[in-house]
Each structure stands twice: as C-alpha cells, then as structure tokens.
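If you read the sequence shown in the working numbering, its first letter stands for residue 267, the second for the next number, and so on.
By construction, the Cβ of each residue, glycine as well, lies at the ideal position given by its N, Cα and C atoms.
Since we're looking at a predicted model, the values are computed, not measured.
Notes follow the structure.
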Amino acid sequence: MSVELSSKRLLGINGLGRIGKLSLWYQLHRRHFDGVVINLGRKVGRGLEDVLHAVTTDSTYGPLERFLHGTGAKLEARVLDSAQGLLEIEGMPVKVLREARDPAAIGWRREGVALVVDSTGTFLDPTVEPTKPALRGHLESGAKVVIASAPFKIKDKARRMPDEAAMLVYGINHTDFDSRRHRLLSAASCTTTALSHMIKPLLDSQSTAEILTASMSTIHAATNTQSVLDSVPKDAASDLRKTRAVFENIILSTTGAANALEEILPAIRNVGFMADSVRVPSSTVSLINLNLTFNTQLDEKGEPVITRELLNGIY
Numbered sequence: 267m268s269v270e271l272s273s274k275r276l277l278g279i280n281g282l283g284r285i286g287k288l289s290l291w292y293q294l295h296r297r298h299f300d301g302v303v304i305n306l307g308r309k310v311g312r313g314l315e316d317v318l319h320a321v322t323t324d325s326t327y328g329p330l331e332r333f334l335h336g337t338g339a340k341l342e343a344r345v346l347d348s349a350q351g352l353l354e355i356e357g358m359p360v361k362v363l364r365e366a367r368d369p370a371a372i373g374w375r376r377e378g379v380a381l382v383v384d385s386t387g388t389f390l391d392p393t394v395e396p397t398k399p400a401l402r403g404h405l406e407s408g409a410k411v412v413i414a415s416a417p418f419k420i421k422d423k424a425r426r427m428p429d430e431a432a433m434l435v436y437g438i439n440h441t442d443f444d445s446r447r448h449r450l451l452s453a454a455s456c457t458t459t460a461l462s463h464m465i466k467p468l469l470d471s472q473s474t475a476e477i478l479t480a481s482m483s484t485i486h487a488a489t490n491t492q493s494v495l496d497s498v499p500k501d502a503a504s505d506l507r508k509t510r511a512v513f514e515n516i517i518l519s520t521t522g523a524a525n526a527l528e529e530i531l532p533a534i535r536n537v538g539f540m541a542d543s544v545r546v547p548s549s550t551v552s553l554i555n556l557n558l559t560f561n562t563q564l565d566e567k568g569e570p571v572i573t574r575e576l577l578n579g580i581y
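And the structure:
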C-alpha cells in the first residue's frame, strides 16, 4: 500500500459481495483500522470508478453517507490512484486488488495485512491444505489470522476440527478464543448466531437444561445461491428448488445451523435436533421458529413446572 500506511493497522477483505461490502461499511463507521485492502481477484467494469460506485451504494441500505451519518450528509469518496487501485472513502484509504483468486497468491504480506476476513463463502474447510485454493492459503500469503464469514464445512467426515481453528459466536463462546493458537476462525452464520443466543440461556438454567428434542425453521431472506429468474439446473445440482425465481416463490431449503450449533454449544449434541430453511422473497431480515421439548417436573396441580412465565424470566 502507500508508504504512509506501511506501518498502520490494515484489514484485508477477500470478496466484495453482501458480507464483504457491509464489512467495509462497518469499518468505515467504527474505525478499528487505519485502512482496508480488498481483494476482488478480477477486473471490474470500466475501472476503479465502478468499484467506488459499487461500494458506496446499496439497494437494501441506501447510500453509504446515510448509513454513516444519517440524512443530509455528503459523502467524501474519490479515486486516488487507478493504477495502484487506491480509493479514499471518508478519509480512509481503501486498496483494491484485482489479480489473484487463489488465497495463497493474494499477497497479504506484501500489503502489510495481518487480519483477513474471507467473505467469499467459497473457502470454508479449515482442513484443506493450500496446495489448491483454500482458506489456509491466506496464511501462506502472509495473514496471521483469517476469519471466515460463514460456518466451517469439513468435507472429509473422517477429519476433525484442526487445533488452530475455532468457530465462535460473540456472547456465547468468544472467550474460547486463544490468540496463541487460533489462526483460522469462523463467525458462524446469522442463523447459528441467533439460534445459539436462544438456546444457551435455557441450557444455563437448571429448570430448562434438560432439552429432549428441538426443531427449528429459519424463515430466511434470499441469498446469491438462488436464481433471480427460473433457470436450468447446473451440472450435478442437487437442490432444484433453488433454480426457481427467488422473488416469486417461497422455497424450502436446508440449513447447516444445527451442525454448526454443536461446535458453538457442544451440550446440544445430546439433543435430537431437526432444522430446515424456508427462503422467502425478501432481501434482508430473517427469523427463527424454534420448538423444544423439555424433560420437566409437574407441580402439585399436575401442571408442567416450565411455563411461559418461567421462560420469559430466563430471557
């Protein structure tokens, strides 16, 4: 990056989809870092001006200036150097890399980046070695810690979570983070985060800790894995429902939230848990419908000890 930022705190972001762009917006607001390096891994539109337009406007949340300052504000954003891929947004330098798609070839060491958020949704297996494009490739290219913006998915069921990897949800198990050991992190998912905050208070309460069964449906906003219009399935596609027009259908789908929850709350492994997802025509906001069966005592009237009032008191 530029000479004046060579010794500054920089955040790397790999991928500029929904999570990547909103991660940039959040850092522009919170200012935890002095600059951001974004890897796109490909050329964009007519040039860097089109990248600037893409990161300062949003169909869901509106213009960036309203997100940062409210109504009536003016955004300070410009292209500093097209050749070097340098932008400046609200006084923060943002460098855009457009060459490498393999994490191992991005060059975080050269850019002075130690912490990387991988928001591609592609590299989610912490066990895969960087001999091919993989999450660990970020470490090979100079990052010290990598945060995946989706739950880890270990494809080889015979392999276990590596010692240097952890899936964390803030407020639930974030204190398990060990800076001396953990280099590959997952922030789980929106569904797993919400679900864990619903379940943990019940497990922590003696009166509701004995959960026998659980079933969950997440009524979920559309994602980029779905089709805008009806389409022909890709080769080896297993879920044909995702080929139907996203904003014309309510689509049943699957979710890995129950599996991810076991990494966040190991006690839930003893509970029979079913989970599914219902994709609805909305670009943002989801909800969870959770049903639980408890092993509960009866009071002297023969009524269950676990009542609506008891549960409301726990939350």
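Alpha carbon to alpha carbon, how far is residue j from residue i? Give it in angstroms, no decimals.
i: E514; j: R284; result: 21 Å
i: P329; j: E356; result: 13 Å
i: C456; j: A349; result: 37 Å
i: S552; j: D542; result: 13 Å
i: W291; j: R425; result: 36 Å
i: A503; j: T386; result: 20 Å
i: R332; j: A454; result: 28 Å
i: E575; j: P467; result: 15 Å
i: G378; j: R275; result: 8 Å
i: L381; j: A400; result: 16 Å
i: F560; j: A488; result: 33 Å
i: T474; j: L556; result: 15 Å
i: G351; j: K287; result: 16 Å
i: D501; j: G281; result: 24 Å
i: Y327; j: G336; result: 11 Å
i: E569; j: L469; result: 22 Å
i: T397; j: S548; result: 39 Å
i: V269; j: A320; result: The predicted model places V269 with a pLDDT of 43, which falls under 50 and marks its position as unreliable; any figure quoted below should be read in that light. Those two C-alpha atoms are separated by around 26 Å.
Within the continuous alpha helix (DSSP H) that includes residue i, where are the two ends?
i: E528; result: 523–530
i: G301; result: First-last for G301: 301–305, but that is the beta strand (DSSP E), not the alpha helix (DSSP H).
i: I279; result: Segment 276–280 is the beta strand (DSSP E) holding I279; no alpha helix (DSSP H) there.
i: N578; result: 574–580
i: S473; result: Here S473 belongs to no alpha helix (DSSP H), and DSSP marks it neither H nor E.
i: R296; result: 284–296
i: L405; result: 403–406
Could you pull out every residue in the same chain whose Cβ sits closer than 8 Å to the Cβ of residue i, ignoring the five residues on either side in sequence?
i: D565; result: V571
i: D442; result: A432, L434
i: I554; result: T457, A460, L461, M464, M482, S483, T484, I485
i: L390; result: L401, A414, A416, P417, F418, K419, S452
Buried or exposed for residue i, going by 16 or more other Cβ atoms inside 10 Å?
i: I413; result: buried
i: L495; result: exposed
i: M482; result: buried
i: T579; result: Looking at the sequence provided, one finds Gly at residue 579 rather than Thr. By the neighbour-count rule (16 or more Cβ atoms within 10 Å), G579 is not buried but exposed.
i: V498; result: exposed
i: P369; result: buried
i: P532; result: exposed
i: T322; result: buried
i: H295; result: exposed
i: K508; result: buried
Residues in the same chain with beta-carbon distance under 6 Å from residue i, minus the five sequence neighbours each way, listed in chain order, please.
i: I372; result: N305, A366, S407
i: F539; result: A480, A524
i: A431; result: P392, L450
i: V360; result: V302, L353
i: A339; result: E331
i: Q563; result: V571
i: D505; result: none
i: V537; result: I477, A480
i: V411; result: L381, R449
Per the DSSP calculation, residue i is bridged to which residue(s)?
i: R545; result: H486, I517
i: S452; result: A414, M433
i: G538; result: T479
i: V345; result: L353
i: L334; result: L334 is not bridged to any residue.
i: L564; result: P570
i: A511; result: S493
Starting from the C-beta of residue i, find all residues in its chain whose C-beta is less than 7 Å away, skip the five residues before and the five after it, and write them out in chain order.
i: V345; result: L314, E315, L318, L353
i: I534; result: I465, L527, E528
i: A510; result: For clarity, residue 510 is Arg in the given sequence; the question names Ala instead. Within the same chain, R510 has close Cβ partners S493, D496, I517.
i: R375; result: S407, G408
i: K293; result: The sequence shown places Gln at residue 293, not Lys. Hits under 7 Å: L277, F299, V302.
i: I530; result: M433, V435, I438, N439, A454, T458, S462
i: S289; result: I279, V383, S385
i: D422; result: T393
Let's see if you can read the secondary structure: which residues bound the beta strand (DSSP E) around residue i?
i: N555; result: 553–560
i: D316; result: Run containing D316: none in the beta strand (DSSP E); it sits in the alpha helix (DSSP H), 314–322.
i: M358; result: 358–363
i: I355; result: 352–355
i: L381; result: 381–384
i: R425; result: Premise fails: R425 is in no beta strand (DSSP E) and is neither H nor E.
Given the structure, does residue i come close to the ligand GTP, in the sense that its CB is under 6 Å from one of the ligand's heavy atoms?
i: W374; result: The ligand content of the structure shown is nil, which means the ligand GTP is not present either.
Against chain B, does residue i count as a neighbour if the rule is that its beta carbon must be under 7 Å from one of theirs?
i: V383; result: Within the model displayed, chain B is absent; a lone protein chain is all it includes.
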